[in-house]
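For the sequence shown, the tail end lands on 1518 under our numbering, and the numbers increase by one without skipping.
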Amino acid sequence: MSESKGTARLFSEALVIVVSILLAFWIDAAWAGRLERVEEREAIAALHDEAVANADRLVATLRSNERTHAATLAFFEADPEDLAAVSVADADRLLVDLAIPNRAALQSGALDGLTTSGRTQIIRDPNLLQLLADWPSEAARIDQRSDLLVEREGHIHELLGRHADAQAWLMGSRSAASLDLRSLREDPELMAALAAMQRERTIYRGLLERLRGDLNNLVDALAAARQ
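What follows is the structure in structure tokens.
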């Protein structure tokens, strides 16, 4: 009888030890899971804020693109004599509009940080995870096209530098009250470069419109995951 009681006591003690170990594992796992969910919420919040900021930048860039497109077209269609005495303020706006690339500078710090740390797996929603995985390549296509616009901008500045009044503007001179920009319209190489820039900006605007649709999908998915 005493032997049975001893066996029962040993079994009971062993059971307590096993249960204690399993409970400790469960507590550790539950705590780790809780910390991971907190980390996920923080990552999603940062990604959402970044995506919203990028969406705002895209909208601002598209508006700027539309404005510079209209200004460049007006320059092409203007009577050359109306360019004989352009005020410095108006010349500032016009010359910038002719050459500005209208590029979208998108942020990627939150997503890059998550990817670099190897912690993308904390995002549990597979659809959201796929959208995040696709975004860098979609944004990269915009960057590649953006490089062409920068090249066009540099070339246009070089061609503007061949004209006395535009050259003074490029150098920052404000000694004259107005600029004579008629010679710009008479420079076929410059006009060809401006036409090419106009076309590149039109293509770029189309790419930005498509990217905005993808970004809006990402913003919506992040907003839903954030709730």
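Backbone N, C-alpha and C fix where the C-beta goes; we use that ideal spot for every residue, glycine too.
So, with DSSP's three-state summary, where would you put Ser1399? Ser1399 falls in the coil class under three-state DSSP.
Please report the distance separating the alpha-carbon of Pro1479 from that of Ala1375. Cα to Cα, Pro1479 sits roughly 18 Å from Ala1375.
If the criterion is Cβ atoms closer than 8 Å, does the pair Leu1402 and Leu1338 meet it? For Leu1402 and Leu1338, yes; Cβs fall inside 8 Å.
Just tell me which of His1446, Leu1364, Pro1371 has its CA closest to the CA of Asp1388. Distance from the Cα of Asp1388 is smallest, within the candidate group His1446, Leu1364, Pro1371, for Leu1364.
For the alpha helix (DSSP H) that contains Gln1435, what are its first and last residues? Annotation: the continuous alpha helix (DSSP H) that includes Gln1435 extends over 1417-1451.
Reducing DSSP to helix, strand and coil, say where Leu1472 ends up. Per DSSP, reduced to three states, the secondary structure at Leu1472 is coil, with no helix or strand assignment.
Taking the alpha-carbon of Gln1412 as reference, which of Arg1332, Ile1447, Ala1396 has the nearest alpha-carbon? Residue Arg1332 is the option with its Cα nearest to Gln1412.
Residue range of the unbroken alpha helix (DSSP H) whose run includes Met1488: Here the alpha helix (DSSP H) through Met1488 covers 1479-1517.
What does the alpha-carbon distance come out to for the pair Gln1458 and Trp1426? Those two C-alpha atoms are separated by around 41 Å.
Helix, strand or coil at Ser1378 according to DSSP, with G and I counted as helix: Looking at Ser1378 - three-state DSSP - the assignment turns out to be strand.
Would you check if there are 3 or more beta carbon pairs closer than 8 Å linking the stretch 1367-1385 to the stretch 1421-1436? The stretch 1367-1385 and the stretch 1421-1436 do not touch, with fewer than 3 CB-CB distances between them shorter than 8 Å.
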